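Worksheet: the structure to be examined is printed underneath.
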Amino acid sequence: MKVLLVGSGAREHAIAWKLRQSPRLTDLFVAPGNAGTATLAANLDIKAADVEGLARAAKDLRADLVIAGPEDPLARGLVDRLTVQGIAAFGPSQAAARIESSKAFSKDLMLRHGIPTAAAAVFSNRPDARRYMESRAGPVVVKADGLTAGKGVFVCDSPEEALDAIDRMMGDEAVFGAAGRTVVIEERFSGREVSAHAFTDGVTVKPLPFSCDYKRALDGNEGPNTGGMGAYSPPLWLDEALEPFIHERITEAAVHAMMSEGAPYRGVLYPGLMITPQGPQVLEFNCRFGDPETQVLLPRLKSDLLEVCWAVVNNRLSETEIQWSTDACVGVVLASGGYPGEYQTGYPIAGLSTLEPGVLAFHAGTALADDGAVVTAGGRVLTVVATAPTLLAARAAAYRNVQRLHFTRAHYRRDIAAPAENARVE
Ligand code: AMP
Ligand code: GLY
Numbered sequence: 001m002k003v004l005l006v007g008s009g010a011r012e013h014a015i016a017w018k019l020r021q022s023p024r025l026t027d028l029f030v031a032p033g034n035a036g037t038a039t040l041a042a043n044l045d046i047k048a049a050d051v052e053g054l055a056r057a058a059k060d061l062r063a064d065l066v067i068a069g070p071e072d073p074l075a076r077g078l079v080d081r082l083t084v085q086g087i088a089a090f091g092p093s094q095a096a097a098r099i100e101s102s103k104a105f106s107k108d109l110m111l112r113h114g115i116p117t118a119a120a121a122v123f124s125n126r127p128d129a130r131r132y133m134e135s136r137a138g139p140v141v142v143k144a145d146g147l148t149a150g151k152g153v154f155v156c157d158s159p160e161e162a163l164d165a166i167d168r169m170m171g172d173e174a175v176f177g178a179a180g181r182t183v184v185i186e187e188r189f190s191g192r193e194v195s196a197h198a199f200t201d202g203v204t205v206k207p208l209p210f211s212c213d214y215k216r217a218l219d220g221n222e223g224p225n226t227g228g229m230g231a232y233s234p235p236l237w238l239d240e241a242l243e244p245f246i247h248e249r250i251t252e253a254a255v256h257a258m259m260s261e262g263a264p265y266r267g268v269l270y271p272g273l274m275i276t277p278q279g280p281q282v283l284e285f286n287c288r289f290g291d292p293e294t295q296v297l298l299p300r301l302k303s304d305l306l307e308v309c310w311a312v313v314n315n316r317l318s319e320t321e322i323q324w325s326t327d328a329c330v331g332v333v334l335a336s337g338g339y340p341g342e343y344q345t346g347y348p349i350a351g352l353s354t355l356e357p358g359v360l361a362f363h364a365g366t367a368l369a370d371d372g373a374v375v376t377a378g379g380r381v382l383t384v385v386a387t388a389p390t391l392l393a394a395r396a397a398a399y400r401n402v403q404r405l406h407f408t409r410a411h412y413r414r415d416i417a418a419p420a421e422n423a424r425v426e
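Mapping of the sequence shown onto the numbering used here: residues 1 to 426, in sequence order.
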């Protein structure tokens, strides 16, 4: 089977690594890929947002299946475009991807279908949004409606901060452009966060294990938000008794809601949850695999990922058994110094061939220099991933191997999967 995978992050390197293990895979192409995917596949010089270019390549290559990593091509209608051409595509249609690409849409969907989420109001006009803020009490979160690469959420400590967020998004500055013209203002919760993923063909929903990511740049969840600085699976702190509730009342409920509203949802659905004193609440839905969660989920998948994706696109997920290892997995992201602000690239990466057997380095912002050396080429550079029977052992192995990798001004968090976080709450 010929597969075209879209994206260039460590998530896509992890997907490519897992697809390569499938006996059904003949050819693998990644657009645009990175130096890591180049060792497993043919990289194509097509950007992930270039839906026309991707559709043309899929046709020319006679791809049997296209798998989209990031949300952008899904929100731009990649799957619809390929479906018209008769090419199978893993991921939701443009209409179904609105569950991520419009926070106003997903909030309405949750409220209409009784899926637990923060009470919220949606505004497309700045004076109304300001008036609402002036009339309400209690802490809020202000969210841009559209896609902002994870940057469009302001968790506000005071009404003044919320008014400032409204002004920055909806005023002349328009920090997120059209994505911030509409805002969602919602109640602010407190609690721990967990990522729930599931495969679905629109009817059957099969969960992946739970995982946790770290969004802030610095230890102790300080510093600015990033694309993700590390992840682990499974979270031992999560009460197992909540799992059926999350699966049935949140993930399955959302998939069935999309079907009942005429936008069947196929692919991976990833609800970002907060475990609050009022129970699990949805902070957002994502229409694709999480990054860096994928890097710690796929090493735990015992089944053939290509089989699972093929079952999803052919509406046969109910017939497919998906098996997971009980091992734990920890991923630590190495980033360029300065990220998510300004940083330099082009630094050679040393030590990639010295990792312990079984430890993986999934590439994100890497490139091959003219002399064949792997050099840094982006903000997040690598996710170092280790698997072991316990979280503690996986964490120790991940950090031992992080020590073997070197590039100028490398930065990583020291507290990914810190043991104190996973002391079970009795
Ligand atoms: P989102 O992109 O909607 O998941 O929001 C990004 C981050 O903002 C989440 O991971 C949370 O840390 C925080 N956040 C979002 N919504 C809320 C909320 N209602 N209460 C508290 N924190 C939130
Ligand atoms: N881990 C956060 C995301 O992929 O959106």
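A virtual CB, placed ideally from N, CA and C, is assigned to each residue, including glycine. If you're wondering where the values come from, they're calculated on a predicted model, not measured in any experiment.
With DSSP as the reference, identify every bridge partner of Pro271, one or two as the case may be. Reading the sequence shown from its first residue, position 271 is the one you call residue 271. Pro271 pairs with Phe285.
Report whether the distance from the Cβ of Phe245 to the nearest heavy atom of the ligand AMP is below 6 Å. Taking the sequence shown and counting its residues from 1, the one referred to as residue 245 is at position 245. Not so, every heavy atom of the ligand AMP lies at least 6 Å from the Cβ.
When you compare each of Tyr214, Thr276, Ser260, Asn221 to Arg188 by their alpha carbons, which one comes out closest? As a working note, residue 188 is residue 188 in the sequence shown. Comparing Cα positions, the closest option is Thr276.
Beta-carbon spacing of Leu54, Leu306 below 7 Å: Numbered from its first residue, the sequence shown carries residue 54 at position 54. Numbered from its first residue, the sequence shown carries residue 306 at position 306. It is not a contact, given that the beta carbons lie outside the stated cut-off.
Val385 and Gly365: beta carbons closer than 7 Å? Indexing the sequence shown from 1 puts residue 385 at position 385. Indexing the sequence shown from 1 puts residue 365 at position 365. No, the Cβ-Cβ distance between Val385 and Gly365 is not below 7 Å.
When the Cβ atoms of the stretch 196 to 206 are set against those of the stretch 152 to 168, are three or more pairs found closer than 8 Å? The answer is no - the stretch 152 to 168 does not touch the stretch 196 to 206, with fewer than three Cβ pairs under 8 Å.
Is Asp157 near the ligand GLY, judged by its Cβ being under 6 Å from some heavy atom? Taking the first residue of the sequence shown as position 1, residue 157 is located at position 157. The answer is no for Asp157.
Phe245: buried (16+ other C-beta within 10 angstroms of its C-beta) or exposed? The residue given as residue 245 occupies position 245 in the sequence shown. With fewer than 16 other beta carbons inside 10 angstroms of its own, Phe245 counts as exposed.
Contacting residues, own chain, Cβ-Cβ under 6 Å from Gly146 (five flanking each side not counted): Indexing the sequence shown from 1 puts residue 146 at position 146. Result list for Gly146: Ala179, in chain order.
Between the C-alpha atoms of Leu242 and Asn221, what's the straight-line distance to the nearest angstrom? On the sequence shown, residue 242 is found 242 positions in, with the first residue counted as 1. On the sequence shown, residue 221 is found 221 positions in, with the first residue counted as 1. Computed Cα separation, rounded: 25 Å.
Whose beta carbon lies closer than 7 Å to any heavy atom of the ligand AMP, going through the chain in order? Lys103, Ala118, Val141, Lys143, Gly150, Val153, Val155, Glu186, Glu187, Arg188, Phe189, Ser190, Glu193, Lys215, Gly272, Met274, Leu283, Glu284
Use the C-beta contact count for Gly69: other C-beta atoms within 10 angstroms, 16 or more gives buried, fewer gives exposed. Walking along the sequence shown from the start, residue 69 turns up at place 69. By the neighbour-count rule (16 or more Cβ atoms within 10 Å), Gly69 is buried.
Around the C-beta of Phe302, are 16 or more other C-beta atoms found within 10 angstroms, so that it is buried, or is it exposed? Here residue 302 refers to the residue found at position 302 of the sequence shown. Looking at the sequence shown, residue 302 is not Phe but Lys. Answer is exposed; the Cβ neighbour count stays below 16.
Distance, Val312 Cα to Glu426 Cα: Working through the sequence shown from its first residue, we reach residue 426 at position 426. Working through the sequence shown from its first residue, we reach residue 312 at position 312. Because Glu426 carries a pLDDT of 34, less than 50, the predicted location of this residue cannot be relied on, and the following value inherits that uncertainty. Approximately 38 Å, taken between the alpha carbons.
Looking at the structure shown, is Ala178 part of a helix, part of a strand, or coil, going by DSSP? Residue 178 sits at position 178 when you count from the first residue of the sequence shown. In the structure shown, Ala178 sits in a helix (DSSP, three-state: H, G or I).
When the Cα of Thr387 is compared with those of Asp213, Val359, His406, Lys47, which residue comes out closest? For the purposes of this step, residue 387 is taken as the residue at position 387 of the sequence shown. Comparing Cα-Cα distances from Thr387 to each of Asp213, Val359, His406, Lys47, the minimum goes to Val359.
Just mark Leu111 as buried or exposed, buried being the case when its beta carbon has 16 or more other beta carbons within 10 Å. Residue numbering aside, residue 111 sits at position 111 when the sequence shown is read from its first letter. With fewer than 16 other Cβ atoms from the protein chains shown falling within 10 Å of its own Cβ, Leu111 counts as exposed.
Whole angstroms are fine: how far does the CA of Asp415 sit from the CA of Pro389? Here residue 389 is taken as the residue at index 389 of the sequence shown, counted from 1. Here residue 415 is taken as the residue at index 415 of the sequence shown, counted from 1. Pro389 and Asp415: Cα-Cα distance of roughly 20 Å.
Beta-carbon gap between His13 and Phe362 smaller than 7 Å: Taking the first residue of the sequence shown as position 1, residue 13 is located at position 13. Taking the first residue of the sequence shown as position 1, residue 362 is located at position 362. Yes, the pair counts as a contact, with Cβ atoms nearer than the cut-off.
Could you check how far apart the C-beta atoms of Glu293 and Asp219 are, in whole angstroms? I think they sit under 8 Å. To locate residue 293, count along the sequence shown from 1; it is residue 293. To locate residue 219, count along the sequence shown from 1; it is residue 219. About 20 Å separates the two Cβ atoms, so there is no contact after all.
Would Gly7 be called buried (16 or more neighbouring beta carbons within 10 Å of its own) or exposed? The residue you call residue 7 lines up with position 7 of the sequence shown. Buried.
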